[in-house]
Amino acid sequence: MIPAQCRAARALLDWSQQVLADVAGVGVVTVRQFEGGVGSPRNATKEALMTRLEAAGVEFFAGNGSGPGVRLAHDPDSFDQFMAFLKLYERNRLLALGRHANPLPLFGYRFEYAADGADLTFRGARLGQVRWQEGRVTFTPPLASDSESALSDKAFDEWVARAEYRSSTGG
-15 MIPAQCRAAR ALLDWSQQVL ADVAGVGVVT VRQFEGGVGS PRNATKEALM TRLEAAGVEF
45 FAGNGSGPGV RLAHDPDSFD QFMAFLKLYE RNRLLALGRH ANPLPLFGYR FEYAADGADL
105 TFRGARLGQV RWQEGRVTFT PPLASDSESA LSDKAFDEWV ARAEYRSSTG G
């Protein structure tokens, strides 16, 4: 685990440095220094931090060419994880201008949240919706029949592109 992964994992869980320190049994100064890149704690300390973050539902990965990262463990029966994914997707994909190799046409996109999901809007016009129904993700417009309806950037990127296309063509 690198410092950026530790910070991102805490953000996913909405944990402060103090909470992580408490559950891992280390000092808050240790967490603060590690995340700030000031020194490196012992391997046993990093292992304790990582173990507690994983136990809380965070997965660590080495990266797929874009560097190391973290995500919430996939739990198909978790509405809370679905909503957390929506918020992260909105922040990382819809609002992060130019930070991805293949950014979406971003200006003006956002989610308007409902009790069971969100509507995708572009400059105030609704393009589509994503909902949590009976323990799974549903998209309107629907994804292609061979696509997986999952909490993944790939599935959501396909849905946004499909919604944008349908809106622009009137179909």
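Residues in the sequence shown are numbered from -15 upward in steps of one, following the numbering used here.
The beta carbon of each residue, even a glycine, is placed where N, CA and C say it ideally should be.
If we call anything under 8 Å between Cβ atoms a contact, is residue i one with residue j?
i	j	result
Trp116	Phe63	yes
Val121	Ala134	yes
Pro125	Ala147	yes
Ala46	Val10	no
Looking at the structure shown, is residue i part of a helix, part of a strand, or coil, going by DSSP?
i	result
Ala145	helix
Ala46	coil
Asp103	strand
Ala134	coil
Glu96	strand
Ala139	helix
Leu127	coil
Whole-angstrom Cβ separation of residue i and residue j, contact assumed at under 8 Å?
i	j	result
Ala65	Leu72	Sequence check: residue 65 is Gln here, not Ala. Actually they do not touch by this definition, with Cβ atoms about 10 Å apart.
Gln1	Glu19	7 Å
Val54	Ala(-7)	5 Å
Assign residue i to buried or exposed, taking buried as 16 or more other Cβ atoms, counted over all protein chains shown, within 10 Å of its Cβ.
i	result
Ala98	exposed
Ala5	buried
Tyr93	buried
Thr35	exposed
Gly154	exposed
Between residue i and chain B, is the shortest Cβ-Cβ distance under 8 Å, so that the two count as touching?
i	result
Phe66	No chain B is part of this structure, which consists of one protein chain only.
Less than 7 Å separating the Cβ of residue i from some heavy atom of the ligand FAD?
i	result
Asp100	Among the components of this structure there are no ligands whatsoever, and the ligand FAD is therefore not found.
**Message:** Quick check on the DSSP output: what are the complete alpha helix (DSSP H) runs of length 4 or more inside the stretch -7 to 50, in order along the chain?
**Reply:** 1 to 8, 12 to 20 and 27 to 39
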